[in-house]
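S.K.:
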Amino acid sequence: MPADSDFSKIAVEPPRDAAHGDIATNAAMVLARPAGLKPRDLAEQIAKLLREEDEIEGVEVAGPGFINIRLAPLFWPQVLHGVLEAGRDFGRCRLGTAQKVNVEYVSANPTGPMHVGHCRGAVFGDALANLLDFAGFEVTREYYINDAGAQVDVLARSAYLRYREALGEEIGAIPEGLYPGDYLKPVGAALAAEFGDSLTGHPEEAWLETVRERAIAAMMEMIRDDLAALNVRHDVFFSERSLVRGEGDRIGALIAELGRDGLVYEGRLDPPKGKLPEDWEDREQTLFRAREFGDDSDRPLLKSDGSYTYFAADIAYHADKFRRGFADMIDVWGADHGGYVKRMQAAVKAVSGGEGALDVKLVQLVKLYRGGEPVKMSKRSGTFVTLRDVVDEVGRDPVRFMMLYRKNDAPLDFDFQKVTEQSRDNPVFYVQYAHARISSVLRNAAEELGAEAVSAANLRAAPLERLDDAAELTLIRRMAEWPRLVEQAALAHEPHRVAFYLYELSSDFHGLWNRGKDSPQLRFIRKDDTSLTFARLALIQCTASILAAGLDILGVEAVEEM
RNA sequence: GGUCCCGUAGCUCAGCUGGAUAGAGCAGCGGACUUCUAAUCCGCAGGUCGCAGGUUCGAAUCCUGCCGGGAUCGCCA
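Residues 1274 to 1835 in my numbering are what the first sequence lists, from first letter to last.
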């Protein structure tokens, strides 16, 4: 074999089809050319060597040159020892080797309650963070508070109006352009209680900042409550305003820094192709050289009124993340921000000297339905659905599982009726039911055979080699996939894989359960054969551990009865 | 017009980063409840993986070009 052969394309993995053995490899096909042999001939040579191994029971060459390996019969039951030992920690790995990673998600404007549109990103980000944690990364969960733009001033004016209302003034209809929601009434009342009428009779400059601060704090409190209802949490709430307040103007400092590196210039931008925006004016502006880092265009840092663009602030924010030690950053955004990805990645490269990496996960829109009919939403008519509405109506677990039972970049139809009334359509119950059934068997076993029958020590001592039914082995093989699945899902930043895996694991379990209905000798609890019973209790205890661990990653409760 | 995402069974979607005969659920048809919980299970039927090229031992997967759907396109966030 030539020394410079490419071994990187060789895969050694469990095949999809169990008929192809326990482990399969494509090594012979990959190496046939450099070795100057036909794939099947090379495969035979490798197979011959493998057959000498003790733990290998059989080796076959199949298809175009696959080498299929069958392991000794005792191999699979041995897997359960690892699960029994580790319990819910089985599958935890050191993939991240304590590497720091920052996951930013939700980051909704603090101007009102969480909208249902925020729901998916929130759940996705939260589950992704859980997954990375499980895979051994040191995860920080972050929320970027957009508290510096014009819309928080609008919020302040809206709250001020409610404040005057709370003082007894007749305010009439909420003017166009202000937030009309009732949720600002308590904010107005709190302001009245704190300040009396001392904020009235002054120009806006006198009260705006005070009111804004109180209003933002109130909104963030509301948002945290909403997130808590969804079982979503963050470690850090990072204020955009803090970038220009306190320690000085960090956005300006950063622009100056980029300027010293020659990455900022005054120039003109080509107008967009196609239809021109109505208010387009061709003017000289301050631009970041995003094109040097793979973007399609250079990007403005200052608005026409001289204030910073959102992008400028976001650069400073990501630079701050990098300086806090996060070379790995993940942002979770709505799909409508897709056009923003390249410039942000360009900015991260620029501020990190190429050391930082940003992965942006775009979450597609959720379309709401009720009994097949689209739910129409409009803020003006007050018919928009809040995150809290959804959680209250269908429950936290179904919402979370549904949001995760889909790849992040695929659109999602969410039908209230399907998720509640026809609950069998919802896979969350299928998985939870599997866990509940196992809990039920373990309870029965403890009752009939005594509590020590289900003790950890007893299960560890069980004769696992007696698990030889095809359905039992299928279940064990599935469990053996778990660590690998965790690793790959974490690497791909795809928590939905965990959800699909749990469904399959549950399916294997339900199948086994029902075999016990047809053939009583396959029941888990066999009073005539306690040692076999112990082995089977160990088997399902392991299944429950993995179900619980996976559900924990998804942020869904592993219920013990239904 | 540029950029990004999507196109797989009647419907909703997976497909382990290039592997063997493309898989689930729902809907349809036929079966299993004196139960360790039927919110479950078993079987049948259902496919030009949008189209056409290319890369190689091998493509739903990678590349190019079309077709169709969605998002976005200086200063909003």
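Cβ coordinates follow ideal geometry from the N, Cα and C atoms, glycine included.
Skipping 5 residues on each side, what residues in its chain have a beta carbon closer than 8 Å to that of V1427?
M.R.: As a first step, residue 1427 is located in the first sequence; it is residue number 154 there, counting from the start. So the qualifying residues of the chain are T1384, G1450, L1451 and Y1452.
S.K.: Quick check: A1320 and V1334, are their CB atoms within less than 9 Å of each other?
M.R.: Looking up residue 1320 in the first sequence gives position 47. Looking up residue 1334 in the first sequence gives position 61. Contact: yes.
S.K.: With a threshold of 6 Å on Cβ separation, who are the neighbours of L1542 within its own chain once the five nearest residues in sequence on each side are excluded?
M.R.: Locating residue 1542 in the first sequence gives position 269, where the first residue counts as 1. For L1542, where only same-chain residues beyond five positions count, there are no Cβ hits under 6 Å.
S.K.: Who are L1560's beta bridge partners in DSSP?
M.R.: In the first sequence, the residue the question calls residue 1560 occupies position 287. The partner list for L1560 (beta bridge, DSSP) reads Y1538 and P1573.
S.K.: Can you give me the Cβ contacts of F1657 inside the same chain, cut-off strictly under 6 Å, excluding the 5 residues immediately before and after it?
M.R.: As a first step, residue 1657 must be located in the first sequence, where it is residue number 384. Result list for F1657: M1650, in chain order.
S.K.: Among the candidates E1513, R1393, I1528 and G1598, whose CA atom is the shortest distance from the CA of K1640?
M.R.: Taking the first sequence and counting its residues from 1, one reaches residue 1640 at position 367. Among E1513, R1393, I1528 and G1598, the Cα nearest to that of K1640 belongs to R1393.
S.K.: Is the separation between the beta-carbon of A1808 and that of R1739 shorter than 9 Å?
M.R.: Position 535 of the first sequence, counted from the first residue, corresponds to residue 1808. Position 466 of the first sequence, counted from the first residue, corresponds to residue 1739. Cβ distance < 9 Å, so A1808 and R1739 count as in contact.
S.K.: When the Cβ atoms of the stretch 1510-1528 are set against those of the stretch 1414-1421, are three or more pairs found closer than 8 Å?
M.R.: Touching, yes, given that three or more Cβ pairs across the two stretches are closer than 8 Å.
S.K.: How many Å lie between L1758 and A1718 at the Cα?
M.R.: If you number the first sequence from 1, residue 1758 lands on position 485. If you number the first sequence from 1, residue 1718 lands on position 445. Answer to the nearest angstrom: the Cα atoms are 31 Å apart.
S.K.: Measuring only the C-alpha atoms, how far is W1553 from R1523?
M.R.: Residue mapping note: residue 1553 aligns to position 280 of the first sequence, counting from 1. Residue mapping note: residue 1523 aligns to position 250 of the first sequence, counting from 1. Each residue's Cα considered, the two are about 30 Å apart.
S.K.: Within 10 angstroms of the Cβ of P1544, are there 16 or more other Cβ atoms? Answer buried if so, exposed if not.
M.R.: As a working mapping, residue 1544 is identified with position 271 in the first sequence. Classification of P1544: exposed, given that the 10 Å Cβ count is below 16.
S.K.: Is it the case that the stretch 1679-1688 contacts the stretch 1781-1797, given that we only count it when at least three CB pairs across the two stretches are under 8 Å?
M.R.: No, because fewer than three Cβ pairs between the stretch 1781-1797 and the stretch 1679-1688 fall closer than 8 Å, the two stretches do not touch.
S.K.: Ignoring anything shorter than 4 residues, give me the alpha helix (DSSP H) runs that lie fully in the stretch 1633-1704, in order along the chain.
M.R.: As far as the stretch 1633-1704 is concerned, its whole alpha helix (DSSP H) runs of at least 4 residues are 1660-1667, 1669-1677 and 1689-1693.
S.K.: At which residue ranges does the stretch 1353-1414 contain complete alpha helix (DSSP H) runs of 4 or more residues, listed in the order of the chain?
M.R.: Fully enclosed alpha helix (DSSP H) runs of 4 or longer: 1390-1407.
S.K.: Considering just the uninterrupted stretch of the beta strand (DSSP E) at S1512, what are its terminal residues?
M.R.: Reading the first sequence from its first residue, position 239 is the one you call residue 1512. Start and end: V1509 to S1512.
S.K.: Quick check on DSSP: helix, strand or coil for R1343?
M.R.: As a working note, residue 1343 is residue 70 in the first sequence. Note: R1343 maps to strand in three-state DSSP.
S.K.: Select from D1362, L1660, A1735 and E1833 the residue whose C-alpha is nearest the C-alpha of G1390.
M.R.: Counting from one through the first sequence, the residue named residue 1390 turns up at place 117. Considering only alpha carbons, the answer is L1660.
S.K.: Can you tell me the Cα-Cα spacing of S1625 and L1531, whole angstroms?
M.R.: The count along the first sequence starts at 1 and reaches residue 1625 at position 352. The count along the first sequence starts at 1 and reaches residue 1531 at position 258. Rounded to whole angstroms, S1625 to L1531 spans 11 Å at the Cα level.
S.K.: If you follow the beta strand (DSSP E) that A1831 is in, where does it begin and where does it stop?
M.R.: By one-based count along the first sequence, residue 1831 stands at place 558. No beta strand (DSSP E) holds A1831; DSSP gives it neither H nor E.
S.K.: Are the beta-carbon atoms belonging to E1721 and K1790 less than 9 Å from one another?
M.R.: Position 448 of the first sequence, counted from the start, is the residue given in the question as residue 1721. Position 517 of the first sequence, counted from the start, is the residue given in the question as residue 1790. No, the Cβ-Cβ distance between E1721 and K1790 is not below 9 Å.
S.K.: I need the straight-line Cα distance from G1369 to D1362, nearest angstrom please.
M.R.: Here residue 1369 is taken as the residue at index 96 of the first sequence, counted from 1. Here residue 1362 is taken as the residue at index 89 of the first sequence, counted from 1. So the two alpha carbons sit approximately 16 Å from each other.
S.K.: For V1285 versus A1297, is the C-beta spacing smaller than 9 Å?
M.R.: Start at 1 with the first residue of the first sequence, and residue 1285 comes out as number 12. Start at 1 with the first residue of the first sequence, and residue 1297 comes out as number 24. In contact: V1285 and A1297 (Cβ atoms closer than 9 Å).
S.K.: Determine the extent of the beta strand (DSSP E) in which W1606 is found, giving its start and end residues.
M.R.: Within the first sequence, numbered from 1, the residue matching residue 1606 stands at position 333. Unbroken beta strand (DSSP E) run through W1606: D1601 to G1607.
S.K.: Between the beta-carbon of P1700 and the beta-carbon of Y1776, is there less than 9 Å?
M.R.: Reading the first sequence from its first residue, position 427 is the one you call residue 1700. Reading the first sequence from its first residue, position 503 is the one you call residue 1776. Contact: yes.
S.K.: So, using beta-carbon positions, are I1588 and A1620 closer together than 9 Å?
M.R.: Against the first sequence, residue 1588 aligns to sequence position 315. Against the first sequence, residue 1620 aligns to sequence position 347. Contact: yes.
S.K.: Whole-angstrom Cβ separation of L1715 and A1772, contact assumed at under 8 Å?
M.R.: Working through the first sequence from its first residue, we reach residue 1715 at position 442. Working through the first sequence from its first residue, we reach residue 1772 at position 499. Between A1772 and L1715 the Cβ distance is about 24 Å, and since that is not below 8 Å, they are no contact.
S.K.: Report back the beta-carbon spacing between E1565 and S1712 to the nearest angstrom; my notes put them in contact at under 8 Å.
M.R.: Residue numbering aside, residue 1565 sits at position 292 when the first sequence is read from its first letter. Residue numbering aside, residue 1712 sits at position 439 when the first sequence is read from its first letter. Going by Cβ atoms, the distance from E1565 to S1712 rounds to 58 Å, so no, they are not a contact pair.
S.K.: What do you get for Y1538, buried or exposed, if any count of 16 or more other CB atoms within 10 angstroms of its CB means buried?
M.R.: One-based indexing of the first sequence puts residue 1538 at position 265. Exposed, since its Cβ has fewer than 16 Cβ neighbours within 10 Å.
S.K.: In its own chain, which residues sit with a C-beta less than 7 Å from the C-beta of I1444, not counting the 5 before and 5 after it?
M.R.: As a working note, residue 1444 is residue 171 in the first sequence. Closer than 7 Å at the Cβ level, and outside the excluded window around I1444, lie L1434, R1437 and E1438.
S.K.: Please report how far the alpha carbon of C1366 lies from the alpha carbon of V1829, in whole angstroms.
M.R.: Against the first sequence, residue 1366 aligns to sequence position 93. Against the first sequence, residue 1829 aligns to sequence position 556. Taking the straight line from one Cα to the other gives about 21 Å.
S.K.: Answer yes or no: do I1819 and V1356 have a C-beta to C-beta separation smaller than 9 Å?
M.R.: Numbered from 1 along the first sequence, position 546 holds the residue referred to as residue 1819. Numbered from 1 along the first sequence, position 83 holds the residue referred to as residue 1356. It is a contact, given that the beta carbons lie within the stated cut-off.
S.K.: Can you have a look at D1601 and say buried or exposed, based on whether 16 or more other CB atoms are within 10 angstroms of its CB?
M.R.: Mapped onto the first sequence, residue 1601 falls at position 328. D1601 comes out buried.
S.K.: Using 9 Å as the threshold, is the C-beta distance between A1735 and S1779 below it?
M.R.: To locate residue 1735, count along the first sequence from 1; it is residue 462. To locate residue 1779, count along the first sequence from 1; it is residue 506. No, Cβ-Cβ distance for A1735 and S1779 is not below 9 Å.
S.K.: Touching or not, the stretch 1476-1493 and the stretch 1458-1468, by the rule of three or more beta carbon pairs under 8 Å?
M.R.: Yes: the two stretches touch, three or more of their Cβ pairs being nearer than 8 Å.
S.K.: Relative to the alpha-carbon of H1507, which residue among H1708, V1614, M1387 and V1376 has its alpha-carbon at the smallest distance?
M.R.: Indexing the first sequence from 1 puts residue 1507 at position 234. For the residues H1708, V1614, M1387 and V1376, the minimum Cα distance to H1507 belongs to V1376.
S.K.: Let me know the beta strand (DSSP E) ranges lying completely inside the stretch 1409-1458, each 3 residues or longer, listed in chain order.
M.R.: If we require 3 residues or more, the beta strand (DSSP E) runs fully inside the stretch 1409-1458 come out as 1411-1418.
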